[in-house]
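K.L.:
Residue numbers (the working numbering), protein chains in the order written: chain Y, 13 to 311; chain S, 13 to 311. Sharing a structure below in structure tokens format, with a few things to ask.
Number of protein chains: 2
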Amino acid sequence: MTAKIIDGKAFAADVRSQVAEHVERLKADHGITPGLAVVLVGEDPASEVYVSHKHKATVEVGMQSFEHKLPADTSEEDLFALIDKLNADPSVHGILCQFPVPDHLDERRTVARIDPAKDVDGLSVTNAGLLATGGEALVSCTPLGCLMLLRAEFESLSGKEAVVIGRSNLFGKPMGQLLLADNCTVTIAHSRTKDLAEVCRRADILVAAVGRAEMVRGDWVKPGATVIDVGISRVPHPEKPGKTKLIGDVNFEEAVEVAGAITPVPGGVGPMTIACLLANTITACCRANGLEAPKGLTA
Amino acid sequence: MTAKIIDGKAFAADVRSQVAEHVERLKADHGITPGLAVVLVGEDPASEVYVSHKHKATVEVGMQSFEHKLPADTSEEDLFALIDKLNADPSVHGILCQFPVPDHLDERRTVARIDPAKDVDGLSVTNAGLLATGGEALVSCTPLGCLMLLRAEFESLSGKEAVVIGRSNLFGKPMGQLLLADNCTVTIAHSRTKDLAEVCRRADILVAAVGRAEMVRGDWVKPGATVIDVGISRVPHPEKPGKTKLIGDVNFEEAVEVAGAITPVPGGVGPMTIACLLANTITACCRANGLEAPKGLTA
Numbered sequence: 013m014t015a016k017i018i019d020g021k022a023f024a025a026d027v028r029s030q031v032a033e034h035v036e037r038l039k040a041d042h043g044i045t046p047g048l049a050v051v052l053v054g055e056d057p058a059s060e061v062y063v064s065h066k067h068k069a070t071v072e073v074g075m076q077s078f079e080h081k082l083p084a085d086t087s088e089e090d091l092f093a094l095i096d097k098l099n100a101d102p103s104v105h106g107i108l109c110q111f112p113v114p115d116h117l118d119e120r121r122t123v124a125r126i127d128p129a130k131d132v133d134g135l136s137v138t139n140a141g142l143l144a145t146g147g148e149a150l151v152s153c154t155p156l157g158c159l160m161l162l163r164a165e166f167e168s169l170s171g172k173e174a175v176v177i178g179r180s181n182l183f184g185k186p187m188g189q190l191l192l193a194d195n196c197t198v199t200i201a202h203s204r205t206k207d208l209a210e211v212c213r214r215a216d217i218l219v220a221a222v223g224r225a226e227m228v229r230g231d232w233v234k235p236g237a238t239v240i241d242v243g244i245s246r247v248p249h250p251e252k253p254g255k256t257k258l259i260g261d262v263n264f265e266e267a268v269e270v271a272g273a274i275t276p277v278p279g280g281v282g283p284m285t286i287a288c289l290l291a292n293t294i295t296a297c298c299r300a301n302g303l304e305a306p307k308g309l310t311a
Numbered sequence: 013m014t015a016k017i018i019d020g021k022a023f024a025a026d027v028r029s030q031v032a033e034h035v036e037r038l039k040a041d042h043g044i045t046p047g048l049a050v051v052l053v054g055e056d057p058a059s060e061v062y063v064s065h066k067h068k069a070t071v072e073v074g075m076q077s078f079e080h081k082l083p084a085d086t087s088e089e090d091l092f093a094l095i096d097k098l099n100a101d102p103s104v105h106g107i108l109c110q111f112p113v114p115d116h117l118d119e120r121r122t123v124a125r126i127d128p129a130k131d132v133d134g135l136s137v138t139n140a141g142l143l144a145t146g147g148e149a150l151v152s153c154t155p156l157g158c159l160m161l162l163r164a165e166f167e168s169l170s171g172k173e174a175v176v177i178g179r180s181n182l183f184g185k186p187m188g189q190l191l192l193a194d195n196c197t198v199t200i201a202h203s204r205t206k207d208l209a210e211v212c213r214r215a216d217i218l219v220a221a222v223g224r225a226e227m228v229r230g231d232w233v234k235p236g237a238t239v240i241d242v243g244i245s246r247v248p249h250p251e252k253p254g255k256t257k258l259i260g261d262v263n264f265e266e267a268v269e270v271a272g273a274i275t276p277v278p279g280g281v282g283p284m285t286i287a288c289l290l291a292n293t294i295t296a297c298c299r300a301n302g303l304e305a306p307k308g309l310t311a
């Protein structure tokens, strides 16, 4: 058997076109242009690439993109003054600060400064609490993207055994909350889990987010299971000397023979993250304007 | 084999005496008397009993107890004015509003009004978010009590398979977070779980909180497992006509033959709840005064 390959790139493109339609409708029917502000402190090259991708994607769906690049030695006071301004600006519906920030700044404090209703990365304590208690949260983009992919694979997630490997605040814990809210039986496994292979073999839905290349072997996968691979590691290319390639947490060659469906790396979960950032901005914009958030773009 | 019976009553008495020692120390060394305010709206007889128990327990450990009884027709405005006053009062370190409140009041909004640093019931979105993200939360009393009982049973919880049945905001979800933070592999099961018996049989630690009398049968328990029974149902007494008795979510007679350790109902988890309310008040009081919260009384 060979698993269905879940095409995250195509799925993300579809989410983006849905977002673009909603932007169009918000402009036409309500005179509102959703706006996303991205704050970058310092000149980390990888961060600059991410920020420029986000900017491009934001503009492509018809939203306003506000880029704020601050020098690496920006004080917390100045960063917070900018965040306060963005919090107060009604044309800004989403705010994200690109991490990592320079060492003299604190990520937790920075996130806490962003209005939770504009925290489109879903990283704040308030949004974590809303997610944990069934409130109207903005949900961290990568787990939200995985949820969308999973919902598209199943008529219903209810009663499925889901195993999430990894318990980070950014991914594993919110992923678990989302699957639980969709009525999965949810297990969170991690580095201290005793027989990880055995735990994984229970899963109808296996989500791997540990950041260890190809850790999940084919015989960890229950036949027919849906496998979502959130890991991205860059390793030396096996065939092209001097080149690198991206691989996931799952040994794809092995797992594809066992799973029912699987996300590849790259082209699986990755493209969903920016798509969900745009989706969250639409959700935040609608809520800020007392409009119902579009279905299918949030948890 | 017959399981060890976990004596929650004795354990809770010990927690309370630890709390009393800390109160003594805070008074002697810092001139601080921890204070707990309890707000009761209306005249629900069960609530009045709970509130009077809490009052008595608070006074017994040497804390100040502030009781506020409001008429059933109290407006939200007046309730919030009282909460605001208690939030601002430095002699009040913990605030709880006894639920249920009358229908015209909203529990979620009421909890949200309480300063999270004084939310000793650990019910607020902020405290749920802090718990979910590894911050300094005040943790809901019953799951905190269960965690204390479990820590006392094991040298370490790390790597244990824990299954929590029930996913309420009040218990199941925070219990899962606490066990995860203590490095258990955590499964949350619930009404949609497909083969609940099978899921339970995996558990080294089985925590039942569904509110269905004796639902967990003996053959759901892995031999030697530790069973924590959070359920309390009042049923007609089998031998005394016209009388009732309290039973848990676990069929005790069956499970006691299989488990390694088990909490009885009553006298297991129940007494821990008020003890943990007092523990949370000490924790809140220490944090409010810039002092380190005592070890062993919080997560």
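Even for Gly, the Cβ is constructed at its ideal location relative to N, Cα and C. The model shown is predicted, which means the values in this text are computed figures rather than measured ones.
Between which two residues does the beta strand (DSSP E) harbouring K185 of chain S extend?
P.N.:
Here K185 of chain S belongs to no beta strand (DSSP E); instead the alpha helix (DSSP H) covers 184-193.
K.L.:
Ignore the nearest five residues each way along the sequence and tell me which others in V247 of chain S's own chain have a CB closer than 7 Å to its CB.
P.N.:
Excluding residues within five positions, the ones whose Cβ falls inside 7 Å are A225, T256, K257, I259.
K.L.:
Where do the ends of the beta strand (DSSP E) carrying E167 of chain Y lie?
P.N.:
That residue, E167 of chain Y, is in no beta strand (DSSP E); it is neither H nor E in DSSP.
K.L.:
Taking a contact to mean a Cβ-Cβ separation below 8 Å, would you say N195 of chain Y touches G157 of chain Y in this structure?
P.N.:
Cβ atoms of N195 of chain Y and G157 of chain Y: not closer than 8 Å.
K.L.:
Measure the alpha-carbon distance for G134 of chain Y versus G230 of chain S and round it to whole angstroms.
P.N.:
Between G134 of chain Y and G230 of chain S, the C-alpha separation is close to 42 Å.
K.L.:
Output the distance between the C-alpha atoms of T295 of chain S and T275 of chain Y, rounded to the nearest integer angstrom.
P.N.:
Going by the C-alpha atoms only, they are around 45 Å apart.
K.L.:
State buried or exposed for A220 of chain S, treating a residue as buried only when at least 16 other CB atoms are found within 10 Å of its CB.
P.N.:
It counts as buried.
K.L.:
Since V53 of chain Y sits in a beta bridge, which residues does DSSP pair it with?
P.N.:
Answer is Y:L82, bridged to V53 of chain Y.
K.L.:
With three or more C-beta pairs closer than 8 Å as the rule, is the segment 236-250 of chain Y touching the segment 266-281 of chain Y?
P.N.:
With the cut-off at 8 Å, the segment 266-281 of chain Y and the segment 236-250 of chain Y touch.
K.L.:
Would you mind listing the beta strand (DSSP E) stretches within the segment 95-121 of chain Y that are 3+ residues and don't spill past its ends, in chain order?
P.N.:
Within the segment 95-121 of chain Y, the complete beta strand (DSSP E) runs of at least 3 residues are 106-109.
K.L.:
Whole-angstrom Cβ separation of G280 of chain Y and Q30 of chain Y, contact assumed at under 8 Å?
P.N.:
The Cβ separation is near 19 Å, so there is no contact.
K.L.:
Classify A311 of chain Y as buried or exposed, calling it buried when 16 or more other Cβ atoms lie within 10 Å of its own Cβ.
P.N.:
Label assigned to A311 of chain Y: buried.
K.L.:
Considering K39 of chain Y, what are the terminal residues of the alpha helix (DSSP H) in which it resides?
P.N.:
20-42 is the extent of the alpha helix (DSSP H) around K39 of chain Y.
K.L.:
Determine the chain Y residues that contact L218 of chain S at a beta-carbon separation under 8 Å, and present them in chain order.
P.N.:
Going along chain Y, no residue has its Cβ under 8 Å from L218 of chain S, so there is no contact; the nearest lies around 14 Å.
K.L.:
Just to make sure I have the definition right: I need the residues of chain S whose C-beta is within less than 9 Å of the C-beta of V233 of chain Y. Which are they?
P.N.:
In chain order: nothing, as chain S lies at least about 18 Å away.
K.L.:
Name, please, each residue of chain Y whose Cβ falls closer than 7 Å to the Cβ of R204 of chain S.
P.N.:
The contacting residues are S170, G171, N195.
K.L.:
Under DSSP, the alpha helix (DSSP H) around A291 of chain Y begins and ends at which residues?
P.N.:
From DSSP, the alpha helix (DSSP H) with A291 of chain Y extends over 282-300.
K.L.:
For the beta strand (DSSP E) containing T199 of chain S, name the first residue and the last one.
P.N.:
Taken as a continuous stretch (DSSP letters only), the beta strand (DSSP E) holding T199 of chain S covers 197-201.
K.L.:
Just to make sure I have the definition right: I need the residues of chain S whose C-beta is within less than 9 Å of the C-beta of T138 of chain Y. Which are they?
P.N.:
The contacting residues are V137, T138, G141.
K.L.:
Find out if the Cβ-Cβ distance for the pair S136 of chain S, V151 of chain S is shorter than 8 Å.
P.N.:
Contact: no.
K.L.:
Between E173 of chain S and R214 of chain S, how many whole angstroms is the CB-CB distance? I'm expecting something under 8 Å.
P.N.:
Correct: roughly 5 Å between the Cβ atoms.
K.L.:
Applying the 10 Å Cβ sphere with the 16-neighbour rule, what's the burial state of A25 of chain Y?
P.N.:
Exposed, by the Cβ-count rule.
K.L.:
Are the C-beta of K130 of chain S and some C-beta of chain Y separated by less than 8 Å?
P.N.:
No, K130 of chain S lies away from the interface with chain Y (no Cβ there is under 8 Å from its Cβ).
K.L.:
Note the first and the last residue of the continuous beta strand (DSSP E) segment covering L258 of chain Y.
P.N.:
Note, L258 of chain Y: beta strand (DSSP E), 256-259.
K.L.:
If the cut-off is 8 Å on Cβ atoms, which residues from the segment 90-119 of chain S count as contacting chain Y, listed in chain order?
P.N.:
Of all residues in the segment 90-119 of chain S, none has a Cβ within less than 8 Å of some Cβ in chain Y.
K.L.:
Under three-state DSSP, which class holds A69 of chain S?
P.N.:
Helix, per DSSP.
K.L.:
How would you label A100 of chain Y, buried or exposed, when you count the other beta carbons within 10 angstroms and need 16 or more for buried?
P.N.:
Its Cβ having fewer than 16 others within 10 Å, A100 of chain Y is exposed.
K.L.:
Just checking my contact of A237 of chain Y with G272 of chain Y at CB under 8 Å: how many whole Å lie between their CB atoms?
P.N.:
Correct: roughly 6 Å between the Cβ atoms.
K.L.:
Measuring alpha carbon to alpha carbon, tell me which residue in S:H80, S:H65, S:P114, S:L108 is nearest E88 of chain S.
P.N.:
It is S:P114.
K.L.:
Is R125 of chain S near F92 of chain S, with beta carbons less than 8 Å apart?
P.N.:
Yes, the Cβ-Cβ distance between R125 of chain S and F92 of chain S is below 8 Å.
K.L.:
Note down, one range per segment and in chain order, each alpha helix (DSSP H) of at least 4 residues found wholly within the segment 223-252 of chain S.
P.N.:
Runs found: none.
K.L.:
Quick one: is H317 of chain Y buried, meaning 16 or more other Cβ sit within 10 Å of its Cβ, or exposed?
P.N.:
Nothing about residue 317 of chain Y can be reported from this structure: the residues present for chain Y run from 13 to 311 only.
K.L.:
Can you list, in chain order, the residues of its chain whose CB lies under 6 Å from that of T86 of chain Y, leaving out five sequence neighbours each side?
P.N.:
The answer, listed in chain order, is V53.
K.L.:
Which one or two residues does DSSP pair with D131 of chain Y in a beta bridge?
P.N.:
Note: D131 of chain Y sits in a beta bridge opposite Y:I107.
K.L.:
For V233 of chain S, which option in S:L190, S:E36, S:G223, S:V176 has the closest C-alpha, if you only look at C-alpha atoms?
P.N.:
The shortest Cα separation from V233 of chain S among S:L190, S:E36, S:G223, S:V176 belongs to S:V176.
K.L.:
Locate the beta strand (DSSP E) running through A220 of chain S, then write down its first and last residues.
P.N.:
217-220 is the extent of the beta strand (DSSP E) around A220 of chain S.
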